[in-house]
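Residue numbers (the numbering used here), protein chains in the order written: chain R, 178 to 579; chain U, 178 to 579. We put the beta carbon where it would ideally sit given N, CA and C, even for glycine. The structure presented is a predicted model; accordingly, all values stated were derived computationally and were not measured.
The following block contains the structure:
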């Protein structure tokens with residue numbers, strides 16, 4: 178399919194696919210077909226793809242690329258793909274502070290021919306390549322031509338470390354409202370630049386990943402991911418869900434006698450399960466997004482819990498009342514109405530609490546707070562919800578000798 | 178709480194809240210407190226907030242703002258907040274094509290004092306303010322100073338219409354890899370610029386909105402949205418879910434006799450419901466995200482359906498076999514194993530199909546494809562799943578005269 182697209186469209190498609198899927202597609206291509214598409218991508222995109230190719234093809238592809246791209250890609254391959262080093266562009270312009278504005282502009286002009294992308298900032302380094310300042314192109318244009326770069330540069334230059342996590346990097350660039358941030362190594366030497374554009378790509382991929390992780394999709398699945406890969410990504414978590422759902426089944430099994438004596442209860446099982454599961458997912462979604470956008474600190478968990486508790490109580494009272502009246506109206510039994518209504522109220526509270534506890538808990542365990550979180554939340558609301566509902570019913574049967 | 182933050186932090190918080198919530202918080206502020214925070218936002222952010230204030234306070238706030246911001250905001254108030262006109266910045270620099278490069282730079286320098294944000298492109302207009310070209314700051318710097326703007330400008334300038342939808346605008350800016358796009362009115366006159374930064378804000382809000390809409394959260398809820406607003410947003414869809422879940426309850430009610438005669442079935446209800454619901458949400462999430470990122474056309478529905486069908490069949494066979502064997506092992510009944518396994522397989526197919534049908538269907542109806550989609554998908558898998566499961570069981574009872 179990819180071969181039918183023009184190289185430009187093909188390159189755009191490759192850039193959007195997960196690197197592993199893209200490398201799989203490239204596997205069937207000849208060397209020239211690969212090269213014609215890779216040339217249109219940025220060095221960090223090429224590096225991700227090359228890394229996903231089988232080792233025996235990497236050398237071949239790297240050799241066939243134009244020398245400057247090949248050198249950039251090789252340098253990037255030394256950094257993890259999800260670090261600042263892995264997403265940075267290592268083509269940048271650095272000048273020393275003693276250069277005049279005029280000489281600096283002349284230097285930019287000379288270097289401009291090979292560069293197809295926009296130039297935003299000029300970085301200033303000392304004799305040891307250490308980053309000491311930054312001048313925006315705009316400041317350069319507006320400065321008198323005989324001034325020194327050292328006089329007009331901004332010394333408070335924010336920078337990123339090579340190993341900084343890409344999501345933290347993306348947030349920092351967007352937070353500062355800048356078009357890019359420089360990357361330095363351990364000796365504070367300038368080694369690259371992460372651009373706003375790459376920060377956006379990271380943020381978009383993060384949003385996709387969070388949404389997919391919540392429902393148990395490992396890695397990134399795009400619409401045109403081959404179905405074999407889709408199955409491999411979805412099935413493991415469905416298997417986990419099968420096992421966790423057995424817990425809910427077991428609870429129902431424990432109360433088999435209660436259900437046999439009061440068959441009307443069965444009808445309310447799907448209702449107790451569905452609405453509380455949705456409540457849990459509402460709270461979960463708000464929190465996952467707040468974590469992704471860096472709007473919440475770990476210490477906020479208790480405050481969030483308190484807010485969600487109020488919401489769960491209020492919604493639970495209203496929904497419990499509604500379903501309690503309905504149950505009473507259906508069978509004319511006050512007891513049925515009371516049991517169903519109370520179970521609905523209690524399970525709303527379980528819903529909001531698990532919606533908070535799961536993402537914060539996952540983060541405490543050091544894994545992505547979105548990971549299969551929706552599966553965990555609905556399992557908790559099912560298990561505890563059925564236990565509360567059927568437990569209340571059992572007490573009612575015993576108390577009122579039904 | 179907001180008053181305890183510094184004006185800068187307060188402004189950042191306001192910018193992140195939904196305009197209605199932010200306006201609610203501002204309602205308790207004095208005029209001066211409002212102004213000190215609004216001055217730090219861009220005109221389009223101020224316009225969103227002013228629009229959400231009670232009408233009687235709008236005039237007062239607009240009057241108290243510095244005259245240039247006030248004028249920009251007033252102009253923006255005429256456009257819907259979710260159009261290009263509503264998110265554009267109407268402070269831009271336009272020159273005519275006959276200007277020399279030197280004169281153009283001088284003009285920029287003169288206008289630079291009032292502008293705190295970075296300058297990226299200079300737009301070129303004719304005598305009727307019609308947009309005819311664009312010059313990047315970089316091209317301007319590198320051009321010989323005696324050349325005319327008309328000679329160096331790029332005539333193939335992409336532009337946005339005032340009424341273009343903000344999400345389409347955001348995608349176009351990111352797609353072109355530009356730092357901003359000009360906005361023109363119906364007469365092709367330049368009226369503003371949408372910056373990459375605002376495009377990102379739109380894209381991030383869209384991701385948040387999609388995730389929240391899926392589980393039934395109207396509008397945007399952030400972590401610190403007041404709980405009263407949170408309840409108002411979540412409760413209506415929980416009510417809808419209560420009603421749709423009644424459908425699943427009704428199906429269970431119809432088969433009350435079957436369940437009374439074969440009580441082991443009850444235990445498998447939560448399992449059939451949970452796993453297929455999750456399968457549906459997996460397919461749904463992939464499609465919602467593809468729609469949001471513009472990776473899928475309406476005509477693709479059938480192709481997507483075919484791919485998902487293959488996935489549903491494969492996962493359904495494996496999960497059905499697993500749960501069928503488990504059911505057989507538990508009760509030693511081949512018939513129970515066969516009914517539970519077949520129901521699991523069939524409901525996996527229902528899951529993937531509803532995961533495709535719901536978002537494409539909602540879009541066909543002209544509403545957001547994410548709207549309460551997760552609620553609809555899980556309702557469909559519950560209702561059809563229970564019907565298939567208990568229907569198969571009824572046939573089995575009848576055929577084998579249990």
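Practice prompt. Scan the segment 378-399 of chain R for residues whose Cβ lies nearer than 8 Å to a Cβ of chain U and list them as they occur along the chain.
Written response: 380, 381, 384, 385, 387, 388, 389, 391, 392, 393, 394, 398 and 399
Worksheet entry | 8 Å Cβ cutoff met for residue 524(R) and residue 562(R) | yes
Worksheet item: Closest by CA to residue 423(U), which one among 411(R), 449(R), 327(R) and 304(R)?
Response: 449(R)
Worksheet entry | Where residue 312(R) meets chain U, residues with beta-carbon distance less than 9 Å | Chain U residues near residue 312(R): none, gap ~12 Å exceeds 9 Å.
Practice prompt. Determine, using beta-carbon pairs with one atom in the segment 311-324 of chain R and one in the segment 240-254 of chain R, whether at least three such pairs fall under 8 Å.
Written response: no
Worksheet item: Taking 8 Å as the CB-CB limit, is residue 447(R) close to chain U?
Response: yes
Worksheet item: The beta strand (DSSP E) with residue 238(R) in it runs from where to where?
Response: First-last for residue 238(R): 232-241, but that is the alpha helix (DSSP H), not the beta strand (DSSP E).
Worksheet item: Whole alpha helix (DSSP H) runs in the segment 420-473 of chain U with 4 or more residues, listed along the chain?
Response: 433-438 and 441-469
Worksheet item: Are the C-beta atoms of residue 319(R) and some chain U residue less than 8 Å apart?
Response: yes
Fill in: Secondary structure, alpha helix (DSSP H): runs of 4+ residues fully inside the segment 463-549 of chain R
478-508 and 511-541
Item to complete: Output the boundary residues of the beta strand (DSSP E) element that contains residue 227(U).
Response: First-last for residue 227(U): 220-229, but that is the alpha helix (DSSP H), not the beta strand (DSSP E).
Worksheet item: Would a check of beta-carbon distances place residue 291(U) closer than 8 Å to chain R?
Response: Low per-residue confidence applies at residue 291(U): pLDDT is 47, beneath 50, and the placement is therefore not dependable enough to give any value.
Fill in: Inter-stretch contact at 8 Å, needing at least 3 Cβ pairs: the segment 372-392 of chain U / the segment 546-555 of chain U
yes
Worksheet entry | Spatial distance of residue 439(U) from residue 564(R) (CA atoms) | 22 Å
Fill in: Close beta carbons around residue 407(U), own chain, < 7 Å, minus the five adjacent residues each side
398
Practice prompt. Report the residues of the segment 475-501 of chain R with a CB closer than 7 Å to any CB of chain U, ordered along the chain.
Written response: 481, 484, 487, 488, 491, 492, 495, 496, 499 and 500
Worksheet item: For residue 430(U), which residues in chain R fall below 7 Å Cβ to Cβ?
Response: 444
Worksheet item: Residues in its own chain within less than 8 Å of residue 540(R) by CB, not counting five upstream and five downstream?
Response: 468, 475 and 546
Worksheet item: Distance, Cα to Cα, residue 258(R) vs residue 199(R)?
Response: 15 Å
Worksheet item: From what residue to what residue does the beta strand (DSSP E) around residue 318(R) run?
Response: Looking at the DSSP string, residue 318(R) is not in any beta strand (DSSP E); the run it does join, the alpha helix (DSSP H), is 314-319.
Discussion item. Checking the sheet assignment: what are the DSSP bridge partners for residue 370(R)?
Written reply: 266(R) and 359(R)
Worksheet item: Using 8 Å as the limit for Cβ to Cβ distance, is residue 464(R) near chain U?
Response: yes
Discussion item. The beta strand (DSSP E) that contains residue 299(R), what's its start and end?
Written reply: 298-302
Practice prompt. Determine whether the Cβ of residue 452(R) lies closer than 8 Å to any Cβ atom of chain U.
Written response: yes
Worksheet item: So, residue 522(R) versus residue 493(R), is the Cβ gap smaller than 8 Å?
Response: yes
Worksheet item: Are there three or more Cβ pairs, one per stretch, closer than 8 Å when the segment 340-347 of chain U is compared with the segment 340-359 of chain R?
Response: no
Discussion item. For residue 551(R), would you say it is in contact with chain U, using Cβ-to-Cβ distances shorter than 8 Å as the test?
Written reply: yes
Discussion item. What does the Cβ neighbour count give for residue 585(U), buried or exposed, with the cut at 16 atoms within 10 Å?
Written reply: Any property of residue 585(U) remains undetermined from this structure, which presents chain U solely from 178 to 579.
Discussion item. Counting C-beta neighbours from all protein chains within 10 Å, is the total for residue 229(R) 16 or more, i.e. buried, or is it exposed?
Written reply: buried
Worksheet item: What are the residues that DSSP puts in a beta bridge with residue 382(R)?
Response: Looking at the DSSP assignment, residue 382(R) forms no beta bridge with any residue, so it has no partner.
Practice prompt. Can you give me, in chain order, the residues of the segment 329-359 of chain R that have a beta carbon less than 8 Å from any beta carbon in chain U?
Written response: 351, 354 and 356
Worksheet entry | Cβ distance (whole Å) where residue 331(U) is taken to contact residue 311(U) below 8 Å | 5 Å
Worksheet item: To which residues of the same chain is residue 581(U) closer than 8 Å at the C-beta, ignoring the five residues directly before and after it?
Response: Coverage of chain U is limited to positions 178 through 579, which leaves residue 581(U) absent and any answer about it impossible.
Fill in: Inter-residue CB distance, residue 254(R) and residue 443(U) (contact presumed, cutoff 8 Å)
57 Å between Cβ atoms; not a contact.
Practice prompt. Identify every residue that forms a DSSP beta bridge with residue 346(R).
Written response: The partner list for residue 346(R) (beta bridge, DSSP) is empty, contrary to what the question assumes.
Item to complete: Closer than 7 Å by C-beta to residue 517(U): which residues in its own chain qualify, once you throw out the five before and the five after it? Chain order, please.
Response: 445, 500, 501 and 504
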